[in-house]
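Protein chains in written order, with the numbering used here: chain A, 2 to 287; chain B, 10 to 308.
What follows is one structure encoded as structure tokens, with my remarks underneath.
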Amino acid sequence: MTAPRDSAMQSMLQRQRMTQVLLYALLVLGAVLALLPMVWMVSASLMPSGEASTYPPHFFPSRLTFAHYSDLFTRLSIGKYLLNSAFVSFVVTFASLAINAMAGYAFAKLRFRGRDRLFRVLSTGLVLPVQVAMLPLFLLMKNLHLINTYWGVIIPGMASIFGIFLVRQYALAIPDEMLDAARVDGASEFRIFWSIVVPGIVPILATLSIWTFLATWNDFMWPLIVLSDESHYTLPVALANLAGEHVQDTELMMAGSVLTVIPVMLVFLFLQRYYIQGVMAGSVKG
Amino acid sequence: MSARRVRMPAEASTAAWFFLAPALALIGIFFFLPVAAALVLSVTDFDLYGIANPANTRFIGLQNYVRLLHTPDFWSALKNTFYFAFVGGPLTIAVALGAALLLSSKLVRFKGFFRTIYFTPFVTTLVAVAIVWRYLYHTRYGLFNYGLAHLGIAPIDWLGDPHWAMPAIILMAVWKGFGYNMLIFIAGLQAIPDELYDAAEIDGAGPFRRFFSITLPMLAPTLVFVAVITMIGYFQLFAEPYVMTQGGPLRSTTSVVLLMYEEGFRWWRMGYAASIAFVLFIVILLATLVQFRLQKERT
Numbered sequence: 002m003t004a005p006r007d008s009a010m011q012s013m014l015q016r017q018r019m020t021q022v023l024l025y026a027l028l029v030l031g032a033v034l035a036l037l038p039m040v041w042m043v044s045a046s047l048m049p050s051g052e053a054s055t056y057p058p059h060f061f062p063s064r065l066t067f068a069h070y071s072d073l074f075t076r077l078s079i080g081k082y083l084l085n086s087a088f089v090s091f092v093v094t095f096a097s098l099a100i101n102a103m104a105g106y107a108f109a110k111l112r113f114r115g116r117d118r119l120f121r122v123l124s125t126g127l128v129l130p131v132q133v134a135m136l137p138l139f140l141l142m143k144n145l146h147l148i149n150t151y152w153g154v155i156i157p158g159m160a161s162i163f164g165i166f167l168v169r170q171y172a173l174a175i176p177d178e179m180l181d182a183a184r185v186d187g188a189s190e191f192r193i194f195w196s197i198v199v200p201g202i203v204p205i206l207a208t209l210s211i212w213t214f215l216a217t218w219n220d221f222m223w224p225l226i227v228l229s230d231e232s233h234y235t236l237p238v239a240l241a242n243l244a245g246e247h248v249q250d251t252e253l254m255m256a257g258s259v260l261t262v263i264p265v266m267l268v269f270l271f272l273q274r275y276y277i278q279g280v281m282a283g284s285v286k287g
Numbered sequence: 010m011s012a013r014r015v016r017m018p019a020e021a022s023t024a025a026w027f028f029l030a031p032a033l034a035l036i037g038i039f040f041f042l043p044v045a046a047a048l049v050l051s052v053t054d055f056d057l058y059g060i061a062n063p064a065n066t067r068f069i070g071l072q073n074y075v076r077l078l079h080t081p082d083f084w085s086a087l088k089n090t091f092y093f094a095f096v097g098g099p100l101t102i103a104v105a106l107g108a109a110l111l112l113s114s115k116l117v118r119f120k121g122f123f124r125t126i127y128f129t130p131f132v133t134t135l136v137a138v139a140i141v142w143r144y145l146y147h148t149r150y151g152l153f154n155y156g157l158a159h160l161g162i163a164p165i166d167w168l169g170d171p172h173w174a175m176p177a178i179i180l181m182a183v184w185k186g187f188g189y190n191m192l193i194f195i196a197g198l199q200a201i202p203d204e205l206y207d208a209a210e211i212d213g214a215g216p217f218r219r220f221f222s223i224t225l226p227m228l229a230p231t232l233v234f235v236a237v238i239t240m241i242g243y244f245q246l247f248a249e250p251y252v253m254t255q256g257g258p259l260r261s262t263t264s265v266v267l268l269m270y271e272e273g274f275r276w277w278r279m280g281y282a283a284s285i286a287f288v289l290f291i292v293i294l295l296a297t298l299v300q301f302r303l304q305k306e307r308t
């Protein structure tokens, strides 16, 4: 190798190194900005009362205290809201898993009259904002005596058009021959669904359940409308309510926010592979 | 044999309806029916008296819609919602694209690690982070103004100044939402063949040239999809102003959905609120159609 080529190579490598440093700097800066509010939330929740309202602001607590957490559980019955949220989210997740899986499979693999037309009608529902339904839905729930009950939150969440889409798209890949072979062997349609279809679509069911769980846990507007009595509040509704009464208790509010966010964060961090699959599946067909 | 292969059509379709029944019943009764009922509700004067006794409700034609057009609060809610969607939407998309480009560079490692961090705000509970940000925006003790003070910028009354409240909400929405779009962009970028870039590089195209002549055109369908879902989501702005500003100051952050909520569920003017809901629906429908039209023209 001649000297000039060598130095050209070296300057190219050097430039690449510079670019690399710049890219990492941007990535780290982005990560700091993305995490800062969350880190401050946790940090402030552990500060003694009043420390989050000082100038210059403290980023880390001078002394760790869990007093706000115990306050939330003993005085403000946050344990009750945690249980409410958990109950509602689990029931919606399990119910929607069964209901959307059956419907998605039927649209993908079973032949019946009017299937395509029905599916098109259902897809129009995707452009309808849910808020349009909320006023009459409230009146309907009132007539069914479901206002201020867990079921008022649960029932409208038990089936979703997006969920049916997700399952249908995945179930389309199941080979017809496999289903037909089972039919020849005399298996009932339900048996086929349970022992051939369900095992074949487990990954998308995992995706669906995580999506449903997080969406239900984080949901705010409908629970706010349908739950009027404190004893039934889910965490976000209770938190918004507390935020109005305890504006000055920064540290207390941060502790409440931590308790609300941590469960969904954990679910996401441990199962993110499945969650991200849902993002991708949702984007395949615009 | 072939006769046995295909089951009796009646039986298969009975099974299909059995599988479909729960989902169709739920979606029909608790979604499509209320949507249709909302249209009916919007041409009535259904209010608190109507809740007490439905017989107190009268058909009033398009009066609710006419009243809307003459109500300054409605126009300001519409304006605020457009502000949020048309400034916050593109900003979110730009940040998402930037992050996706960074994470798609061949020169960096630990991609999964950074991707997880960037995506985390998206899964958090909106109400909780809105409360957190409310304190970050505190005029005296908030980290934002503390940071700005280091740059020599005087404190901003983020949530108390009608000019700053919406930008503050937009900033939070960008932080919370960009991760989702970023993931979709990363998938879109992966689908662009490397040979295109290699060929452009041989032809002497710099990074900016490569971005505008290869990346952006190849990413166009993804961009339209992302724009549509982001806009649809942003037109439904509700929890952020509800928690952070209660629609204020001076109604500068009252969105269409927040207005609908207040009219319908605080003052129980449900007929009137239903007409607001329908305007929202039409706005979302139009925005979706326009964006798909743009996509068709490109291809």
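Even glycine gets a Cβ: it sits at the ideal position worked out from N, Cα and C.
- Distance between B/Ala94 and B/Gln300 (C-alpha atoms, nearest Å): Here residue 300 of chain B corresponds to residue number 291 of the second sequence, with the count starting at 1. Here residue 94 of chain B corresponds to residue number 85 of the second sequence, with the count starting at 1. Each residue's alpha carbon lies about 14 angstroms from the other.
- Task: Ignore the nearest five residues each way along the sequence and tell me which others in A/Phe194's own chain have a CB closer than 8 angstroms to its CB.
- Result: Here residue 194 of chain A refers to the residue found at position 193 when the first sequence is read from its first residue. Closer than 8 angstroms at the Cβ level, and outside the excluded window around A/Phe194, lie Met103 and Tyr106.
- With 8 angstroms set as the bound, which would you pick, yes or no: does the beta-carbon of B/Ser22 sit closer than that to a beta-carbon of chain A? The sequence position of residue 22 of chain B within the second sequence is 13, counting from 1. Yes, its Cβ sits closer than 8 angstroms to a Cβ of chain A.
- Which residues of chain B have a Cβ atom closer than 8 angstroms to the Cβ of A/Ala53, listed in chain order? Mapped onto the first sequence, residue 53 of chain A falls at position 52. The CB of A/Ala53 comes closer than 8 angstroms to the CB of Tyr144 and Tyr150 in chain B, given here in chain order.
- Item | CB contact below 8 angstroms: A/Ile148 versus chain B | If you number the first sequence from 1, residue 148 of chain A lands on position 147. Closer than 8 angstroms: no.
- Simplified DSSP assignment, three categories, for A/Thr94: Counting from one through the first sequence, the residue named residue 94 of chain A turns up at place 93. Secondary structure of A/Thr94 (DSSP, three-state): helix.
- Residue nearest to B/Thr23 in terms of C-alpha spacing, selected from A/Val259, A/Leu243, A/Glu190 and A/Tyr276: By 1-based counting over the second sequence, the position of residue 23 of chain B is 14. Checked all of A/Val259, A/Leu243, A/Glu190 and A/Tyr276; the closest Cα to B/Thr23 is A/Glu190.
- Query: Going by C-alpha distance, which of A/Asn242, A/Asp72, A/Trp212 and A/Ser54 is nearest A/Met281?
  - Reply: What you label residue 281 of chain A is simply residue 280 of the first sequence in a count that begins at 1. Ranking A/Asn242, A/Asp72, A/Trp212 and A/Ser54 by Cα distance to A/Met281 puts A/Trp212 first.
- Query: Any Cβ of chain A within less than 8 angstroms of the Cβ of B/Gln72?
  - Reply: Looking up residue 72 of chain B in the second sequence gives position 63. It does not; no Cβ of chain A falls within 8 angstroms.
- Query: Taking 8 angstroms as the CB-CB limit, is B/Phe290 close to chain A?
  - Reply: Translated into positions along the second sequence, residue 290 of chain B becomes position 281. Yes, B/Phe290 lies at the interface with chain A (some Cβ there is under 8 angstroms from its Cβ).
- Go ahead and label B/Gly197 buried or exposed: buried means 16 or more other beta carbons lie within 10 angstroms of its beta carbon, across all protein chains shown. Within the second sequence, residue 197 of chain B is the residue found at index 188, counting from 1. Answer is buried; the Cβ neighbour count reaches 16.
- Message: On the DSSP letters alone, give me the boundaries of the alpha helix (DSSP H) that A/Thr208 sits inside.
- Response: Here residue 208 of chain A refers to the residue found at position 207 of the first sequence. Residues Val203 to Asn219.
- Flag A/Asn101 as yes if its beta-carbon sits less than 8 angstroms from any beta-carbon of chain B, otherwise no. Position 100 of the first sequence holds residue 101 of chain A. It does: the Cβ of A/Asn101 has a partner Cβ on chain B nearer than 8 angstroms.
- Check each candidate in B/Met181, B/Leu303 and B/Phe274 and name the one with the smallest Cα separation from B/Ile60. The sequence position of residue 60 of chain B within the second sequence is 51, counting from 1. Answer by Cα proximity: B/Phe274.
- In the DSSP assignment, find the unbroken alpha helix (DSSP H) run with A/Trp223 in it and report its ends. The residue you call residue 223 of chain A lines up with position 222 of the first sequence. Note, A/Trp223: alpha helix (DSSP H), Met222 to Val227.
- Message: Here's the rule I'm using: 16 or more other beta-carbon atoms within 10 Å means buried, otherwise exposed. How should A/Leu253 be labelled?
- Response: If you number the first sequence from 1, residue 253 of chain A lands on position 252. The residue is buried, with at least 16 neighbouring Cβ atoms inside 10 Å.
- Message: B/Met240 and B/Ile201 - do their beta-carbons sit closer together than 8 angstroms?
- Response: The residue labelled residue 201 of chain B in the question sits at position 192 within the second sequence. The residue labelled residue 240 of chain B in the question sits at position 231 within the second sequence. Contact flag unset, no.
- Query: So, does the CB of B/Leu294 fall closer than 8 angstroms to a CB anywhere in chain A?
  - Reply: Here residue 294 of chain B refers to the residue found at position 285 when the second sequence is read from its first residue. By this cut-off, B/Leu294 is an interface position.
- Test: B/Thr125 CB closer than 8 angstroms to a CB of chain A: If you number the second sequence from 1, residue 125 of chain B lands on position 116. Interface residue (Cβ-Cβ distance to chain A less than 8 angstroms): B/Thr125 is classified as such.
- Task: Whole angstroms is fine: what's the gap from B/Ala296's alpha carbon to B/Pro99's?
- Result: Within the second sequence, the letter at position 287 stands for residue 296 of chain B. Within the second sequence, the letter at position 90 stands for residue 99 of chain B. Spanning the two alpha carbons is a distance of roughly 14 angstroms.
- Query: In three-state terms, what does DSSP make of B/Gln297?
  - Reply: Within the second sequence, the letter at position 288 stands for residue 297 of chain B. According to the sequence shown, residue 297 of chain B is Thr rather than Gln. Of the three classes helix, strand and coil, the one that applies to B/Thr297 here is helix, per DSSP.
- Could you tell me whether the Cβ atoms of B/Asp56 and B/Gly242 are closer together than 8 angstroms? Within the second sequence, numbered from 1, the residue matching residue 56 of chain B stands at position 47. Within the second sequence, numbered from 1, the residue matching residue 242 of chain B stands at position 233. No, the Cβ-Cβ distance between B/Asp56 and B/Gly242 is not below 8 angstroms.
- Message: Closer than 8 angstroms between beta carbons: that is the criterion. Which residues of the segment 26-49 of chain A meet it against chain B?
- Response: Result list: Leu27, Leu28, Gly31, Ala32, Leu34, Ala35, Leu36, Leu37, Pro38, Met39, Trp41, Met42 and Ala45.
- Span of the alpha helix (DSSP H) around A/Phe163: Against the first sequence, residue 163 of chain A aligns to sequence position 162. Here the alpha helix (DSSP H) through A/Phe163 covers Ile162 to Ala172.
- Item | Reduced DSSP category for B/Phe119 - H, G, I as helix; E, B as strand; rest coil | Here residue 119 of chain B refers to the residue found at position 110 of the second sequence. In the structure shown, B/Phe119 sits in coil (DSSP, three-state: anything other than H, G, I, E or B).
- Item | Top-ranked residue by Cα proximity to A/Leu83, from A/Val262, A/Leu270 and A/Pro176 | Taking the first residue of the first sequence as 1, we reach residue 83 of chain A at position 82. Measuring from the Cα of A/Leu83, the nearest candidate turns out to be A/Val262.
- Please confirm if B/Ser114 has its CB atom under 8 angstroms from at least one CB of chain A. Position 105 of the second sequence, counted from the start, is the residue given in the question as residue 114 of chain B. Yes, B/Ser114 lies at the interface with chain A (some Cβ there is under 8 angstroms from its Cβ).
- List the DSSP bridge partners of B/Thr53. Indexing the second sequence from 1 puts residue 53 of chain B at position 44. The beta-bridge partner set that DSSP reports for B/Thr53 consists of B/Phe68.
- Message: Out of A/Met42, A/Ala256, A/Leu270 and A/Leu180, which one is the CA nearest neighbour of A/Gly80?
- Response: As a first step, residue 80 of chain A must be located in the first sequence, where it is residue number 79. Among A/Met42, A/Ala256, A/Leu270 and A/Leu180, the Cα nearest to that of A/Gly80 belongs to A/Ala256.
- Message: Could you check whether B/Val265 and B/Ala86 sit closer than 8 angstroms to each other, using their CB atoms as the reference points?
- Response: For the purposes of this step, residue 86 of chain B is taken as the residue at position 77 of the second sequence. For the purposes of this step, residue 265 of chain B is taken as the residue at position 256 of the second sequence. Yes, the Cβ-Cβ distance between B/Ala86 and B/Val265 is below 8 angstroms.
- Item | chain A contact residues for B/Val96, given Cβ-Cβ distances below 7 angstroms | Within the second sequence, residue 96 of chain B is the residue found at index 87, counting from 1. What B/Val96 touches in chain A: nothing, since even the nearest Cβ is about 19 angstroms away.
- Message: Going by C-alpha to C-alpha distance, which of A/Arg76, A/Glu178 and A/Val93 sits closest to A/Asp220?
- Response: Locating residue 220 of chain A in the first sequence gives position 219, where the first residue counts as 1. Checking every option, the nearest Cα to that of A/Asp220 belongs to A/Val93.
- What residues in the segment 172-190 of chain A bring their beta carbon closer than 7 angstroms to a beta carbon of chain B? Asp181, Arg184, Val185 and Glu190
- Item | Selection of the segment 92-119 of chain A by Cβ proximity to chain B, strictly under 7 angstroms | Ile100, Asn101, Met103, Ala104, Tyr106, Ala107, Leu111, Arg112, Phe113 and Arg114
- Query: If you draw a straight line from the C-alpha of B/Phe153 to the C-alpha of A/Leu36, how long is it?
  - Reply: For this step, residue 153 of chain B is matched to residue 144 along the second sequence. For this step, residue 36 of chain A is matched to residue 35 along the first sequence. The alpha-carbon atoms of B/Phe153 and A/Leu36 are separated by roughly 14 angstroms.
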